[in-house]
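**Student:** Line by line, the protein sequences are chains A and B. The first sequence stops at residue 422 when you use the numbering used here, and every number in between is there. The second sequence stops at residue 844 when you use the numbering used here, and every number in between is there. In this text, a Cβ means the ideal position worked out from N, Cα and C, and glycines have one as well.
2 protein chains.
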Amino acid sequence: MTQTAFEALTVESLPGRLGGIAALVERLGEDSSAWKVREVGDGNLNLVFIVEGSKGAAVVKQALPYVRLVGDSWPLPLKRSFFEYHALKRQEARAPGTVPAIYHFDEAQALIVMEFLSPHIILRKELIAGRELPRIAEDLGLFTARTLFRGSDFHMATRDRKADLALFADNVELCGITEDLVFTDPYFEAKLNRHTSPQLDPLVAELRADRDLKVEAQRLKHLFASKAETLLHGDLHTGSIMVTDEETRVIDPEFAFYGPIAFDVGMLLANFWMAYFSQRGHEENGSRDSMRAYLLRTTAEIWSVFRGEFSRLWRTERTGMLYHRSLFEDRGDALGAEQALDRLLHEIWEDTLGFAGVEIHRRILGLAHNADFETIEDADLRASCEAPALKFGRHLAVNCRQIHSIEEVNNLAALIEKESRP
Amino acid sequence: MTQTAFEALTVESLPGRLGGIAALVERLGEDSSAWKVREVGDGNLNLVFIVEGSKGAAVVKQALPYVRLVGDSWPLPLKRSFFEYHALKRQEARAPGTVPAIYHFDEAQALIVMEFLSPHIILRKELIAGRELPRIAEDLGLFTARTLFRGSDFHMATRDRKADLALFADNVELCGITEDLVFTDPYFEAKLNRHTSPQLDPLVAELRADRDLKVEAQRLKHLFASKAETLLHGDLHTGSIMVTDEETRVIDPEFAFYGPIAFDVGMLLANFWMAYFSQRGHEENGSRDSMRAYLLRTTAEIWSVFRGEFSRLWRTERTGMLYHRSLFEDRGDALGAEQALDRLLHEIWEDTLGFAGVEIHRRILGLAHNADFETIEDADLRASCEAPALKFGRHLAVNCRQIHSIEEVNNLAALIEKESRP
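1) Report all residues from its chain with a CB closer than 8 Å to the CB of Met423 of chain B; omit the five preceding and five following residues, and keep chain order.
2) Between the Cα of Tyr294 of chain A and those of A:Gly308, A:Gln279, A:Val305, spot the shortest distance and give me the residue it belongs to.
3) Grab me the residues of Thr158 of chain A's own chain with a C-beta within less than 6 Å of its C-beta, minus the 5 sequence neighbours each way, in chain order.
4) Need the endpoints of the beta strand (DSSP E) that Val904 of chain B sits in, please.
5) Apart from the five residues just before and just after Ser311 of chain A, which ones in its own chain have a Cβ nearer than 8 Å to its Cβ?
6) I want to check one thing, is the minimum distance from the CB of Pro422 of chain A to the heavy atoms of the ligand SAM below 7 Å?
7) Just curious, the alpha helix (DSSP H) that Tyr698 of chain B is in, first and last residue?
8) With respect to the alpha helix (DSSP H) encompassing Met291 of chain A, which residues constitute its N-terminal and C-terminal limits?
9) Can you list, in chain order, the residues of its chain whose CB lies under 8 Å from that of Ile121 of chain A, leaving out five sequence neighbours each side?
10) Output yes or no for whether 8 Å exceeds the beta carbon distance between Thr178 of chain A and Phe224 of chain A.
11) So, is the C-beta of Val172 of chain A closer than 8 Å to a C-beta in chain B?
12) Just how far apart, CA to CA, sit Leu603 of chain B and Leu789 of chain B?
13) From the DSSP output, in three-state form, read off Phe677 of chain B for me.
14) So, helix, strand or coil for Ile798 of chain B, using DSSP?
15) State buried or exposed for Gln824 of chain B, treating a residue as buried only when at least 16 other CB atoms are found within 10 Å of its CB.
16) Against chain B, does Met242 of chain A count as a neighbour if the rule is that its beta carbon must be under 8 Å from one of theirs?
17) Do we get a CB-CB distance below 8 Å when we pair Phe82 of chain A with the residues of chain B?
18) Quick one: list the residues of chain B neighbouring Ala340 of chain A, beta-carbon separation under 7 Å, in chain order.
19) Please go through the same chain and pick out, in chain order, the residues whose beta-carbon is closer than 6 Å to the beta-carbon of Lys214 of chain A, but skip the five residues on each side of it.
20) For the pair the stretch 616-634 of chain B and the stretch 644-661 of chain B, tell me if three or more CB-CB distances fall below 8 Å.
21) At 7 Å on the CB atoms, spell out the chain A contacts of Glu651 of chain B, in chain order.
22) What are the residues that DSSP puts in a beta bridge with Ala57 of chain A?
23) Rank B:Arg516, B:Glu595, B:Ala479, B:Val535 by C-alpha distance to the C-alpha of Pro541 of chain B and give the top, closest one.
24) For the stretch 348-411 of chain A, which segments carrying the alpha helix (DSSP H) assignment without a break, of at least 4 residues, lie completely within its bounds, in sequence order?
25) Could you tell me whether the Cβ of Glu179 of chain A comes closer than 8 Å to any Cβ of chain B?
26) What does Phe527 of chain B pair with, by DSSP beta-bridge criteria?
27) Is it the case that the Cβ atoms of Leu469 of chain B and Leu486 of chain B are separated by a distance below 8 Å?
28) From Ile550 of chain B to Asn792 of chain B, what distance separates their C-alpha atoms?
29) Tell me where the alpha helix (DSSP H) around Glu216 of chain A begins and ends.
30) Between Asp139 of chain A and the rest of its own chain, which residues show a CB-CB distance below 6 Å, the 5 nearest in sequence each way excluded?
31) My guess is that Leu545 of chain B and Ile558 of chain B are in contact by the Cβ rule of under 8 Å, so how many angstroms apart are they, rounded?
32) Would you decide whether Lys36 of chain A is buried or exposed? Buried here means 16 or more other CB atoms lie within 10 Å of its CB.
33) Starting from Lys547 of chain B, trace the alpha helix (DSSP H) both ways and give me its first and last residue.
34) Residues of chain A with CB under 7 Å from Met743 of chain B, in chain order?
35) So what does Thr652 of chain B bridge to, in DSSP terms?
36) Under 8 Å between the Cβ atoms of Leu446 of chain B and Val535 of chain B?
What follows is the structure in structure tokens.
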């Protein structure tokens, strides 16, 4: 492909334009005119094509120079594709087998050709459908622990981490989306906001007048913007995860940048708690009691696996410059390293709850809602699911330093959910 | 100057090599053969020349490709000169009149030609001599508040801050010096360490076995390496400050990078507390009671001025993306912004004490000692000044979250100092 000026692919132009890429031909078959192409992008930002040939299939993801959800009135750099590519490379190295294999990357065309995951389905869709996936807690606990630990100064050579930090510091616009849409807009009457109205109006007004909540949300934004601790996925919700009963893959890391460990973990857990609160809106075919129990169990297991794997890596792969063994194990003070680990995990825990709280708020009050709630057509029913989620999110954000365990959080979720029933 | 391959200047070669620089000729006079050159670098890293001509004088500071204190066995990139130049530019913009004016910068030769400060004297020398400078508390409180506030996301456009963060992320080796020499080496038997021995041996062994202290020092290192909050000076001790009774200038920001606000403030205060503990070693010409009182008063005033100016800027120049007015003042909730300010200053306060504690330790236990103690020739006397300083540093680092005011800290310093007298 010699074309260098960016041009968006279409279903029609794709075979002609990508038919010369060896890595693609190898997987799909040589006769590109016989390739079947469909565009399946259902996200907010990009084009996504599934291309099938005589030998196999692949996914072609191409960034557009604007936000797809909004249109060309909201420009967005093509370079996000570059960040996604580099993040996928690092995630594969740090947690092998957890992301799609990459076949080809074209920076100028902002496109990544990657593995077609089949029969994988977006996790969020499965949770809305009430399916209890058996592997996700384990897989996601390991994915977060491994990518977040191994991308930090606990493990990496700090020279490499600093170079990577500088590389990803240019992902300004996508960080900006998070900074605005997650941490700021939901807490005042920003133009792009929307919520289920008028049902939620009184609660929304209450939250936007809640000083403690606003200050905490801004503390979390400060943390997000300044705590360059590790390479984050940056958008780790249940719509960025593809699953089968046997396998879990994490996709779409274009928001990747160096931020706080707790951000990925908090966003991930928040999406399970939202799924939990949304279940009542999906009971047309029967009770979701079992699904609700599964979702809370899943948050507890994710946290437990994350904590366990992070601790294991702390003890076995702490090769970076922080908390160096020369100060602890090498002087016969293994317990010093354990003390530091406890403190660190405690801090991650507190901030995880805080980030989870604001993630819940922005999905109900901000621009980018999620399908868990959005697919509940009856606005009264939807609001009756969203309201307790908002209250739960507020409690997490404001009280994150006083909550001791994930069981306590889940008990609170169950209490709020039960009390909100008509 | 057309020479591009780096070559260290000498007293002899300087006029010939720099005689063609217009900015220099303009200040010194055209006949460069009549320039008087002397090398005055007494720091650990660089060459510093004072050049005087018929019209005036200038300073030429040139980096060497190694650590001057150690020699070419410890290479150090010339690029630190680039970071110093860019830091000086930003400090001048953020706190006008507080740094030397720059006349010329040559990146390839790693040299900065700048204002010759006269009759300014290094602050540390003045404090050792027992001189009570009238302006430093006010000037340094303002310098820290202005440079640290205005280099952060409280004030800057975040795109600019992120670009700057990436620029300074390459200052790896100088950050590495701090990471190793301040936060790690003092707490174990590192090769480069030295201390007044055998007098301090039992106390040093006690500190290196102190688990809480080691864990806290590593927490602070983690903070230093990951909290990319603002552009720091990075080496803000009393040897980086030049004073007269009328004026205070801050020099040598080659350690500049994006780090936590509290680091600069903590290192600065620590150096006054060390001056305090060292006074007993300089009483050959009379009591230093007045000087001791002055030094404690100065720390209290620096903190008070810093806090006051930071608060003023918070209220008047909070134009960045963090704690945006749209969430607070614009909604009639000015008190929300005050609540956030209190919490932020409280966090800065805690970490300031922590950083101060480790800075004191490294100056007595690590590689780079300071003249306050080093100029006390009698080892017993020196150790009797250093020991209480070490204990004070340990108390600050480990108890930084439980100490409420700078008066409390100064009372503690006085108590420890008094109790340590023979």
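**Tutor:** Taking the structure as given:
1) Unreliable positioning characterises Met423 of chain B in this predicted model, as indicated by a pLDDT of 46, which lies under 50. A coordinate reading is not provided.
2) Closest by C-alpha distance to Tyr294 of chain A, out of A:Gly308, A:Gln279, A:Val305, is A:Gln279.
3) Once the five neighbours on either side are set aside, the close Cβ partners of Thr158 of chain A are Met321.
4) Only positions 423 to 844 of chain B appear in this structure, which leaves residue 904 of chain B out of reach.
5) Correct list, in chain order: Leu341, Leu345.
6) The ligand SAM is absent from the structure shown, which contains no ligand whatsoever.
7) Note, Tyr698 of chain B: alpha helix (DSSP H), 683-700.
8) Looking at the DSSP string, the run of the alpha helix (DSSP H) that includes Met291 of chain A is 289-316.
9) Around Ile121 of chain A: Met242, Val243, Thr244.
10) Yes, the Cβ-Cβ distance between Thr178 of chain A and Phe224 of chain A is below 8 Å.
11) For Val172 of chain A, the nearest beta carbon of chain B is closer than 8 Å to its own beta carbon.
12) Going by the C-alpha atoms only, they are around 7 Å apart.
13) Phe677 of chain B falls in the coil class under three-state DSSP.
14) Note: Ile798 of chain B maps to coil in three-state DSSP.
15) Gln824 of chain B is exposed by the Cβ-count criterion.
16) It does not: the Cβ of Met242 of chain A has no partner Cβ on chain B nearer than 8 Å.
17) At a cut-off of 8 Å between beta-carbon atoms, Phe82 of chain A makes no contact with chain B.
18) Within chain B, Val637, Gln640 have C-beta atoms less than 7 Å from the C-beta of Ala340 of chain A, given in sequence order.
19) Excluding sequence neighbours, Lys214 of chain A sits near Tyr187.
20) Contact check between the stretch 616-634 of chain B and the stretch 644-661 of chain B: fewer than three CB pairs, one atom from each, fall below 8 Å, which does not count as touching.
21) Here the neighbours are Ser226.
22) DSSP lists A:Glu52 as partners of Ala57 of chain A.
23) Among B:Arg516, B:Glu595, B:Ala479, B:Val535, the Cα nearest to that of Pro541 of chain B is on B:Ala479.
24) Qualifying alpha helix (DSSP H) stretches, in chain order: 371-374, 379-399.
25) So yes, Glu179 of chain A belongs to the interface.
26) Phe527 of chain B is bridged to B:Ile534.
27) Going by C-beta atoms, Leu469 of chain B is nearer than 8 Å to Leu486 of chain B.
28) Rounded to the nearest angstrom, the two C-alpha atoms are 11 Å apart.
29) Counted as a single uninterrupted DSSP element, the alpha helix (DSSP H) harbouring Glu216 of chain A occupies residues 211-226.
30) Cβ contact annotation for Asp139 of chain A (same chain, cutoff 6 Å, sequence separation greater than five): Thr248, in chain order.
31) With a Cβ gap of about 7 Å, Leu545 of chain B and Ile558 of chain B count as contacting.
32) By the neighbour-count rule (16 or more Cβ atoms within 10 Å), Lys36 of chain A is not buried but exposed.
33) If you look at Lys547 of chain B, you'll find it in the alpha helix (DSSP H) that goes 545-550.
34) Within 7 Å of the CB of Met743 of chain B, the CB atoms of chain A belong to Glu179, in sequence order along the chain.
35) Checking the DSSP bridge columns, you'll see Thr652 of chain B partnered with B:Gly681.
36) Yes, these two residues count as a Cβ contact at 8 Å.
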